[in-house]
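Asks: Please read through the structure below; I'll follow up with questions.
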Amino acid sequence: MTQHADQTSSTEESDNPLANTGIARVLPAADLAKFDCFKWIALGINDFKNAKVISLTYGIIFALIPLGITYLIRESEFYMVVFPAMICFMLLGPYLAAGLYDVSWQFEKQHKPSLRHSFKAMSRNAVNEWGFGIMLMILMIFWLRVASLIHALNPNYSDTSLASIWPFLLIGTIVGGAFSVFVFVISVFTQPILLERKVDLATAVLSSMNAVWKNKEAMFVWACVILISILLGFFTAFIAFIFIMPVLGYATWHGYIQTIKTKRARKFV
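First residue of the sequence shown? That's 1 in the UniProt record's numbering, and the numbers climb one at a time after it.
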């Protein structure tokens, strides 16, 4: 039976183009059920309840960021950058969530999490963590340039009626959606990998991509949950982010623990 399992695993790896790139090693991923993400959310809610002060602190930070972006947009009266700003917020989310991952990790170790300890989370694998942040920043800048180009191609600057700007909104939505999918694939588990293991950035990114590739349906459901949660946050004037973002951060950590395999079973206690 063991030999059969090894052969099956070997066959899966040979059929997986991500595992044979030669760029970096790829951490193996477990098979997920389609709706496993709801178990992660339940665990995330439990972490929120057990670390209310830390959770609310991070939640307020997550709420203040888009609030600040909106204020700047309103003051400059340049409303066409709302959609790019939303994408930028989604790009920065995985990077800012490192402290939340640390809280869930401390609970699993049966340690008492602290705000100070979570703030130091980025220092464990600093070079690759900052490399990940720079990568997200480059992607954000690239998206802003693409959005500016789309805006420049829109000739009706003075007419802001829906009938006039719908082609611009459609193109922006399609391009932004494709860009968001790409960022999700390369970053869904990258930050937790870098936090728990001292691996290089390429290994973390390829392992995240491999996890999505292997669990397309489960990751699609998880992406939809994230999208709906973010839309809910925007529809509530960012107030819901105070509660949503910490729960999503904790849930992502629990998703990582279930998805990314280790050679030996994790022993947190």
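Backbone N, C-alpha and C fix where the C-beta goes; we use that ideal spot for every residue, glycine too.
Using a Cβ-Cβ cutoff of less than 6 angstroms, which residues in the same chain neighbour W253 once the five nearest sequence positions on both sides are dropped?
Replies: So the qualifying residues of the chain are Y101, S104, P192.
Asks: Would you check if the distance between the CB atom of K261 and the CB atom of P28 is smaller than 7 angstroms?
Replies: Against a cut-off of 7 angstroms, the Cβ pair of P28 and K261 comes out as a contact.
Asks: Leaving out five residues on either side along the sequence, give the residues of the same chain with a beta carbon under 7 angstroms from the beta carbon of A107.
Replies: According to the sequence displayed, residue 107 carries Phe and not Ala. Taken in chain order, the residues that qualify are D47, N50, P113.
Asks: Based on DSSP bridge pairs, tell me the residues matched to I260.
Replies: Answer is A29, bridged to I260.
Asks: For my contact list, V247 and G99 are in at a C-beta cut-off of 8 angstroms; report their separation, rounded to the angstrom.
Replies: That belief does not hold up - the Cβ atoms of V247 and G99 are roughly 14 angstroms apart, past 8 angstroms.
Asks: Pull up the distance between the alpha-carbon of E75 and that of A147, whole angstroms please.
Replies: The straight-line gap from Cα to Cα measures roughly 20 angstroms.
Asks: Would you mind stating whether I54 and L96 have Cβ atoms separated by less than 7 angstroms?
Replies: The answer is no: Cβ separation not under 7 angstroms.
Asks: Please say whether A218 and L32 have beta carbons closer to each other than 7 angstroms?
Replies: Yes.
Asks: Excluding the 5 residues preceding and the 5 following F184 in the sequence, name in chain order all residues of the same chain whose CB lies nearer than 6 angstroms to its CB.
Replies: Correct list, in chain order: A223.
Asks: Three or more C-beta pairs closer than 8 angstroms, one from the region 209 to 218 and one from the region 119 to 128: is that the case here?
Replies: No, the region 209 to 218 does not touch the region 119 to 128.
Asks: CB-CB under 6 angstroms to F62, same chain, minus the five flanking residues each way: which ones, in chain order?
Replies: Here the set comprises F241, M245.
Asks: May I ask which residues mark the beginning and end of the alpha helix (DSSP H) holding R145?
Replies: Taken as a continuous stretch (DSSP letters only), the alpha helix (DSSP H) holding R145 covers 126 to 152.
Asks: Given a cut-off of 7 angstroms on the beta-carbon distance, is the pair S208 and V188 in contact?
Replies: Yes. Within cutoff.
Asks: If I measure Cβ to Cβ from V181 and keep anything under 8 angstroms in the same chain, skipping five residues before and after, which residues do I get?
Replies: A223.
Asks: Straight-line CA distance for V175 to T57?
Replies: C-alpha separation (whole angstroms): 33 angstroms.
Asks: Report the option in I257, G172, A202, L136 whose CA atom is closest to the CA atom of E196.
Replies: For E196, the nearest C-alpha among the options comes from I257.
Asks: Which residues bound the alpha helix (DSSP H) around I45?
Replies: Per DSSP, I45 belongs to the alpha helix (DSSP H) from 37 to 50.
Asks: Alpha carbon to alpha carbon, what distance is there between R25 and W213?
Replies: So the alpha carbons of these two residues sit roughly 16 angstroms apart.
Asks: Could you work out which residue in M140, F132, L67, N210 is closest to F179 when comparing CA atoms only?
Replies: When only C-alpha atoms are compared, the closest one is M140.
Asks: Figure out for me which residue from L149, K198, I73, I186 has the closest Cα to the Cα of A121.
Replies: The residue with the shortest Cα to Cα distance from A121 is K198.
Asks: L69: which of A251, F238, A265 sits nearest, CA to CA?
Replies: Note that residue 69 corresponds to Ile in the displayed sequence, not to Leu. The shortest C-alpha separation from I69 is found at F238.
Asks: Looking only at C-alpha atoms, which of A152, M137, S229, G233 sits nearest to F38?
Replies: Here the closest residue by C-alpha is S229.
Asks: Alpha carbon to alpha carbon, what distance is there between A202 and L227?
Replies: Going by the C-alpha atoms only, they are around 26 angstroms apart.
Asks: Is it the case that the Cβ atoms of A204 and T190 are separated by a distance below 7 angstroms?
Replies: Result yes, Cβ atoms of A204 and T190 sit closer than 7 angstroms.
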